[in-house]
Amino acid sequence: MAWGNAGRGRGLLALTFCLLAARGELLLPQETTVELSCGVGPLQVILGPEQAAVLNCSLGAAAAGPPNRVTWSKDGDTLLEHDHLHLLPNGSLWLSQPLAPNGSDKSVPEAVGVIEGSYSCLAHGPLGVLASQTAVIKLATLADFSLHPESQMVEENGTARFECHIEGLPAPIITWEKDQVTLPEEPRLITLPNGVLQILDVQESDAGPYRCVATNSARQRFSQEALLSVARRGSLASTRGQDVVIVAAPENTTVVSGQSVVMECVASADPTPFVSWVRQDGKPISTDVIVLGRTNLLIAGAQPRHSGVYVCRANKPHTRDFATAAAELRVLAAPAITQAPEALSRTRASTARFVCRASGEPRPALRWLHNGAPLRPNGRVKVQGGGGSLVITQIGLQDAGYYQCVAENSAGMACAAASLAVVVREGLPSAPTRVTATPLSSSAVLVAWERPELHSEQIIGFSLHYQKARGMDNVEYQFAVNNDTTELQVRDLEPNTDYEFYVVAYSQLGASRTSTPALVHTLDDVPSAAPQLSLSSPNPSDIRVAWLPLPPSLSNGQVVKYKIEYGLGKEDQIFSTEVRGNETQLMLNSLQPNKVYRVRISAGTAAGFGAPSQWMQHRTPSMHNQSHDMPIQRGPPLPPAHVHAESNSSTSIWLRWKKPDFTTVKIVNYTVRFSPWGLRNASLVTYYTSSGEDILIGGLKPFTKYEFAVQSHGVDMDGPFGSVVERSTLPDRPSTPPSDLRLSPLTPSTVRLHWCPPTEPNGEIVEYLILYSNNHTQPEHQWTLLTTEGNIFSAEVHGLESDTRYFFKMGARTEVGPGPFSRLQDVITLQEKLSDSLDMHSVTGIIVGVCLGLLCLLACMCAGLRRSPHRESLPGLSSTATPGNPALYSRARLGPPSPPAAHELESLVHPHPQDWSPPPSDVEDRAEVHSLMGGGISEGRSHSKRKISWAQPSGLSWAGSWAGCELPQAGPRPALTRALLPPAGTGQTLLLQALVYDAIKGNGRKKSPPACRNQVEAEVIVHSDFSASNGNPDLHLQDLEPEDPLPPEAPDLISGVGDPGQGAAWLDRELGGCELATPRPDRLTCLPEAASASCSYPDLQPGEVLEETPGEAAKLKAPCPLGASPGLPRSPVSSSA
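Written as structure tokens, this is what we have:
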């Protein structure tokens, strides 16, 4: 039954009910909604009177939203609607239990067959079809009591036990009544879930009638009453001095995990016996098992660990008399998916692998569904690892859809689904066309094709695929073919076999669709064996030759004829005759009596005759001893017929056979020859003798193929060995661990493992187990366990601690179970470096933080400069600037005493006309501008002389504590007028584009620099190697030497347009080999002044200045202002750039 238009919603369900109720066709019952999808099952739904169920079909977690279409089935067949079974407009299924007429408590007979059953659905989604688990619908019932309680007489302080039994759905709740009143809850009155009432320490007041009451959703039933009589203690002769007898023994019980179990044990003796419980395997009983009453075991929520044989032992006090009773508890665990397959998206012609793992007790079997239908393995689709791994090669559009892993055992089923999306890119070539397959021989086929019609020029190669066209689990083979080839000869095929070929074209973008398959039947070959032969003589001159047809595996085609050759034993003359292929016997006539003839046979196909059989000798009867009724066979007996091998275990195989079909020779015994398959080593061949027609061969290797042959032995003659049969032993756990385990640390938190398969896997490895820990003394269950698939031989373990020793060991698992683990190997992870702990986000955060810190420090300096009340006291701003010449801001740096450092002037010039004097506010705005390369170009380049004066600050501010130097201009203004202009829109941004060094040359006198107590380094502006300590009074200021005017050929170093490399070369030439103080970038050092310092030059009076002229030493020109400079000790003058 199918449904469409899923978007109408659940509102139609309520509308349907309302309409049916208004017409009087439906009573609105209580509803139970059940969701069906790929999950745990089967779901049990029991409908009571006036109850209904709504079954919704969904895609579950596989896809969002409702399905496009739903198809329902019941008990595997198409669902048919009924009065109490309706298909709702939204695709759900509504069903209810019809009411019985006249208030009867019995179900309507026809409704039982219509409603009850197993329901499932197929949900059609956008990617494919999903099959749901099964919902088993049952109608609530309660049958009559099959066992009623029986009357009994019990002595005082004894134990009374009543029992009743009744079947119902759902399982009824059993209660007990005395005098038709429910028994009170007392410790002496024990009601067991299985319908047993135990009355301990019976008293006189317990006498009376008792009955059992069973109740479920269907109805309530009462059992017959049973009378309890209480006798005085010791009055019953049957119990006086009674030996220990177990009145109620525990029963074998099988439950599903999570259910409760009561194991009852009631014993009788005089005196009252003591009852105890033990496990037969010697293990202690779990602590969650409690004693109910005095002698019963209650297991609430049984788990597989509770499985075992429990023994109840009743001991008679002060004696050695005891009695025991045992029962087995088996706890089943419904399947659970421990590793669900994951959704995949693959391009065409690639490979997809789904992995599914499940647990349960007993071990669940795995099967796969594709789009709701059972998956049929073929050459491209393989199920490996006991069903837990599904591999699909050469994926095509037909492989897209939902794949479901279904795990089933006797306790239930579980399901998990994953989708496979096949991605097809645009621009792919179309499929190759006109694929043909022409048989060349019995083992070779020529396959040819034509190039695709679309995008043929983009093809880089082809792949040719083939497999057997008939049978199951065929292996698909493929060949890679060059782009310039459109045919390929395939060899090593089987004769007389159907094959299927197809071709795929590849471009850089991917693979094309598969071509239309071509079918071919390989040619016949000569038979690979001769038929079994039987000889008999009905009279002295005849020999009857009979044989069995060859099986297809040996005929290599259709047998069209047989050739029988015969002759006298000692003569070379051989006669031959041929018969048709449908004949199975031939009569050789006109032979000589009492002569030995030899006979052999060969089978022939269209390709010719195969190898003949061995010569068989037969003596014809003599004329005096004729037997026309009994055939006489001379020669060795034939090999046994119908030899069959069957795996018995991982180390044994059953071999069975029957007597030869044609023989009159008495068979004495048989010899079995076997060896590992494919090996021709005589030392590996083993022989067993058997007098029967079967033998169990043990001592074999697990998961190993063996070949067997059987030989018949007659009286004083041995027959040949028959055809070889092959069989493999069953798999087992691996006998050895993975070999050649190698560990290598990759990162501080990652270790890579490489290994090889076990030398004795004893089966197909389904997964590898990796155990690791940093403490090898821990028990194994505390180690960390990782698993990988059985076809992977390397893995990376992440999340480890750096510089830590870890211990590893590995094991392998087959479908039977895990094998032993390897010996311990250790590895030390790498030490963690700073670069390892910093990712891109961390590095970016550090850079941003440093930049913000620098900007904040710069903003503080700017704020300090702006707060200065006297702008003329800025460093380098002369208070005696002459009109017509703009003030020059100059900052000088003090070098350390050893080694001698260069005295560098970093000139900051206002880009304004010479007749302009900056107002204080403008001076403050330009105070932070330190770029010497931005702005325009001035024509004036040379100055005739330069004057240096120590200016007296006008205030005692931080800015005013810097030493200033005034450089009045005598000639045209140097070309620095626009060097300090920042680019438009930069505001207060500092652009350090270049440094212009003033080279000072000469042999002036050594002068001592002034003592400086408060040295300030503006490292934020420019950096250098100056490292004098703060507050050092012994700093030396190098004397300034006269500087020659800039020559006309000097490059434009300050325009911001000239070549920096050219300027650097010119400076180097002009400095004449002067040594740079440091190769690192420079930083500005400010020389603060002391307010109380005095001028200490002996030859430099206050108010004077040093005047420099080209080629001359510095001269005293102006007085030194009082307090302008501190006392400076004399020191040699050196110049450097």
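Mapping of the sequence shown onto the numbering used here: residues 26 to 1162, in sequence order. Glycine included, each C-beta is placed from N, C-alpha and C at the ideal position.
By the neighbour-count criterion, in which 16 or more other beta carbons inside 10 Å mark a residue as buried, Cys-63 falls on the buried side. For Leu-391, the enclosing beta strand (DSSP E) begins and ends at 390-395. In this structure the segment 721-740 touches the segment 696-711; the number of beta carbon pairs closer than 8 Å is three or more. His-173 is a Cβ neighbour of Gln-249, given a cutoff of 7 Å. In the DSSP assignment, no residue is bridged to Gln-122. The Cβ atoms of Ala-436 and Leu-357 lie closer than 7 Å to each other. Distance check between Gln-328 and each of Ser-311, Ala-536, Thr-349 places Ser-311 closest, using alpha-carbon atoms only. Residue ranges of uninterrupted beta strand (DSSP E) with 3 or more members, entirely inside the segment 337-364 and ordered along the chain, are 347-364. The alpha carbon of Arg-752 has as its nearest neighbour, out of Asp-346, Ser-675, Gly-744, the alpha carbon of Ser-675. Short of 6 Å from the beta carbon of Ala-274, and not among the five residues preceding or following it, lie these beta carbons of its own chain, in chain order: Ala-350.
Gln-533 and Leu-479 have their C-alpha atoms some 14 Å from each other.
Considering only Ala-165, Pro-234, Arg-213, Leu-194, the residue with the shortest C-alpha distance to Gln-205 is Pro-234.
In the three-state scheme derived from DSSP, where H, G and I count as helix and E and B as strand, Glu-789 is classed as coil.
Around the beta carbon of Ile-872, a 10 Å sphere encloses fewer than 16 other beta carbons of the protein chains shown; the residue is thus reported as exposed. Nearest to Met-648 by C-alpha distance, out of Asn-607, Thr-278, Pro-565, is Pro-565.
Annotation: the continuous beta strand (DSSP E) that includes Leu-721 extends over 719-722. Remark: C-beta atoms of Ser-737 and Pro-664 approach each other more closely than 7 Å. Taking all protein chains shown into account, Gln-856 has fewer than 16 neighbouring C-beta atoms within 10 Å of its C-beta and is therefore exposed. Across the structure, Glu-789 and Gly-815 are spaced so that their CA atoms are roughly 8 Å apart. Straight-line measurement puts the Cα of Leu-465 at about 12 Å from the Cα of Asp-517.
Contact check for Asn-787 against Asp-765 fails: the beta carbons are separated by 7 Å or more. Linking Pro-804 to Ser-798 through their CA atoms gives a straight-line distance of about 10 Å.
For Leu-579, the enclosing alpha helix (DSSP H) covers residues 577-580.
In the structure shown, Asp-765 falls within a strand segment according to DSSP collapsed to helix, strand and coil.
The DSSP-derived three-state label of Ala-536 is strand. Remark: C-beta atoms of Ala-462 and Phe-526 approach each other more closely than 7 Å. For Gln-642, the uninterrupted beta strand (DSSP E) run begins and ends at 641-644, by DSSP.
When DSSP states are grouped into helix, strand and coil, Ala-666 belongs to the strand group.
For Phe-728, no pairing in a beta bridge is given by DSSP. For Leu-794, the closest C-alpha among the options Asp-509, Glu-821, Arg-345 is that of Glu-821. When secondary structure is reduced to three states using DSSP, Asp-523 falls in the strand class. By the Cβ test, the segment 775-782 is in contact with the segment 820-839, since at least three Cβ pairs between them sit closer than 8 Å. If you ignore the 5 residues before and after Asn-434, its C-beta comes within less than 6 Å of the C-beta of Pro-360, Gly-385, Pro-387, Pro-389, all in its own chain and listed in chain order. In the DSSP assignment, Thr-711 falls within the beta strand (DSSP E) that extends over 711-715. For Pro-464, the enclosing beta strand (DSSP E) begins and ends at 458-464.
At the C-beta level, Glu-192 and Ala-168 come within 7 Å of one another.
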